[in-house]
Amino acid sequence: MYKFFMPTRVYYGKNALIDNVGELKLGSRAFIVTGKNSGRASGALFDVENALGLLKIPYEIYDRISNNPTIEECVEGARVAREFGTDFIIGIGGGSPLDAAKAIAVYTANEPVENSDFEMMDIYNGVYKNRPLPMAAIPTTAGTGSEVTPYSVLTLHSEKSKRTFSSPDTFYKVAFVDGKYLLALPLQTLRNTVVDAISHLIEGYTNKRSNPITDCIALEGLKIIGDNISALLEDKLEEEQAQSLIYASTLAGIVIAQTGTTTVHSMGYPLTYFKNIPHGMANGLILGEYLEETEKVIHEKVENVLSAMKLKSITEFKEMLKALLPHSFTFKAEETDEWAITTSKAKNTLVSPFEVTLEKEREMFKKALL
Ligand SMILES: [Fe+2]
44 MYKFFMPTRV YYGKNALIDN VGELKLGSRA FIVTGKNSGR ASGALFDVEN
94 ALGLLKIPYE IYDRISNNPT IEECVEGARV AREFGTDFII GIGGGSPLDA
144 AKAIAVYTAN EPVENSDFEM MDIYNGVYKN RPLPMAAIPT TAGTGSEVTP
194 YSVLTLHSEK SKRTFSSPDT FYKVAFVDGK YLLALPLQTL RNTVVDAISH
244 LIEGYTNKRS NPITDCIALE GLKIIGDNIS ALLEDKLEEE QAQSLIYAST
294 LAGIVIAQTG TTTVHSMGYP LTYFKNIPHG MANGLILGEY LEETEKVIHE
344 KVENVLSAMK LKSITEFKEM LKALLPHSFT FKAEETDEWA ITTSKAKNTL
394 VSPFEVTLEK EREMFKKALL
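Quick note: the sequence shown uses the working numbering, first residue 44, plus one each step.
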């Protein structure tokens with residue numbers, strides 16, 4: 044038995060929003076959630092303002108979402124949204140604003156009790172009375188896939204990590220996926236986000252919860268990325284390739300919306316929390332070792348991953364990641380050993396293709412980072 048559930052209406056391609064303006068009308072007062080730069084630099088915010096102007100919908104722009112947003116930031120965003128009297132949310136940007144918009148949609152419809160940690164945490168148990176406000180997404184990176192997943196990954200200082208919440212109500216109602224927005228991204232940001240998409244595709248494909256539909260989508264996504272990776276490595280990205288990469292990223296989101304992620308993501312979170320390593324890069328630093336471990340238990344699937352990306356070996360895969368992710372971060376065994384205590388207990392270790400133990404995580408961290 045397997046199921047597939049993806050309720051988001053997706054408009055994909057050049058001018059996806061401008062050509063489908065009416066689809067943005069999810070209410071009568073819009074609250075736009077974006078980062079300090081991502082909305083404006085990409086041109087997506089300009090397109091959304093134009094669309095809302097045509098629809099004569101009043102709106103407020105909330106551009107205070109930071110990288111790796113916290114629950115507290117989302118609670119504050121929701122307070123502003125309530126004050127404005129919004130009845131729908133528009134998320135614009137990469138994973139941080141798109142994930143934050145989901146939490147803001149929940150907290151706008153369900154006012155948390157001031158200074159109550161318990162109330163804030165309830166979002167993780169799906170304990171809230173009212174349904175979140177309807178949401179529209181405009182991704183401006185090729186990595187998150189958040190536009191087609193129910194997941195919101197937020198930083199929790201109390202746990203010194205990130206934690207994910209989701210419910211069937213936190214899917215976006217509609218997403219406008221247009222690769223032209225990628226062209227304004229700094230090259231390394233784009234590379235990091237594409238590595239996140241590769242990670243989603245591989246973690247989804249090798250996941251214990253994978254099924255024939257997700258396998259098919261994951262291999263298609265990997266093939267598309269494999270066809271376009273040289274443009275990214277050589278910094279020769281044109282709009283056509285950008286459209287392909289954002290398409291692959293959305294496919295990757297559709298896959299993990301069904302399967303979830305694996306230990307790669309949970310191992311990546313401390314790298315982001317403690318070292319401020321961007322999310323996609325953090326996954327990319329772990330992904331080669333993950334593939335080595337996975338190869339021992341599901342050899343054929345790893346072969347399929349490599350051939351979809353036109354790579355001959357895991358070594359070649361690791362070299363590709365190294366070229367995509369130049370960095371100067373350093374790590375100590377004491378810190379990675381410490382991180383493994385938490386990451387080996389994460390929920391998504393259970394759907395990883397191999398058995399995840401504390402020793403295994405410590406060994407993987409060492410091989411990948413030291
Ligand atoms: Fe991710």
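Backbone N, C-alpha and C define an ideal beta-carbon position, used for all residues, glycine too.
Following a CB-centred definition, is His342 positioned closer than 7 Å to any heavy atom of ligand 1? no
Could you give the C-beta distance for Pro193 and Ser209, rounded to a whole number, given that I count them as a contact under 8 Å? 4 Å
So, is Thr400 buried or exposed, given that buried needs 16 or more other C-beta atoms within 10 angstroms? exposed
Alpha carbon to alpha carbon, what distance is there between Ile61 and Ile181? 12 Å
Could you check if Ser195 belongs to the surroundings of ligand 1, using beta carbon to heavy atom distance under 7 Å? no
With three or more beta-carbon pairs closer than 8 Å as the criterion, would you say the region 95 to 114 touches the region 75 to 83? yes
CB of Ala152 within 8 Å of CB of Asn173, strictly: yes
Could you name the residues that DSSP lists as bridge partners for Phe47? The partner list for Phe47 (beta bridge, DSSP) is empty, contrary to what the question assumes.
Does DSSP put Val217 in a helix, in a strand, or in coil? strand
Beta-carbon gap between Val394 and Asn235 smaller than 8 Å: no
If we call anything under 8 Å between Cβ atoms a contact, is Val53 one with Ala94? Not a contact, by the Cβ cut-off of 8 Å.
Cβ-heavy atom distance between Asn235 and ligand 1 below 7 Å? The answer is no for Asn235.
Host beta strand (DSSP E) of Val123 (start-end): Looking at the DSSP string, Val123 is not in any beta strand (DSSP E); the run it does join, the alpha helix (DSSP H), is Ile114 to Phe127.
Could you give the residue range of the alpha helix (DSSP H) that holds Lys403? Leu401 to Leu412
Cβ neighbour criterion (16 or more within 10 Å) applied to Met324: With 16 or more other Cβ atoms from the protein chains shown falling within 10 Å of its own Cβ, Met324 counts as buried.
In three-state terms, what does DSSP make of Ala300? Three-state result, Ala300: helix.
Ile135 - partner residues in DSSP beta bridges: Ile181
Please classify Pro175 as buried or exposed, where buried requires at least 16 other C-beta atoms within 10 Å of its C-beta. buried
With DSSP run on the structure shown, which of helix, strand or coil describes Ala73? strand
Closest to Pro321 by CA distance: which of Thr337, Ala376, Gly134 and Pro369 is it? Of the candidates Thr337, Ala376, Gly134 and Pro369, Pro369 places its Cα closest to the Cα of Pro321.
Does the beta-carbon of Phe168, which I'm using as the reference point, lie nearer than 7 Å to any heavy atom of ligand 1? In the sequence under discussion, the amino acid at residue 168 is Asn, which differs from the Phe named in the question. Checking the Cβ of Asn168 against ligand 1 gives no.
Residue range of the beta strand (DSSP E) that Ala205 falls in? Position check: residue 205 holds Lys in this sequence, whereas Ala was assumed. Ser204 to Phe208 is the span of the beta strand (DSSP E), which, as asked, contains Lys205.
Would you tell me roughly how many angstroms separate the C-alpha atoms of Thr305 and Glu281, rounded to the nearest one? 32 Å
Just reading off the beta strand (DSSP E) that Asp106 is part of, what are its end residues? Tyr102 to Ile108
Tell me Tyr224's beta-bridge partners as DSSP assigns them. In the DSSP output, where bridge partners are listed per residue, Tyr224 has none listed.
Exposed or buried, Ile268, counting other C-beta atoms within 10 Å across all chains shown (16 or more means buried)? buried
Let's see if you can read the secondary structure: which residues bound the beta strand (DSSP E) around Leu367? Taken as a continuous stretch (DSSP letters only), Leu367 belongs to no beta strand (DSSP E), being part of the alpha helix (DSSP H) at Ile357 to Leu367.
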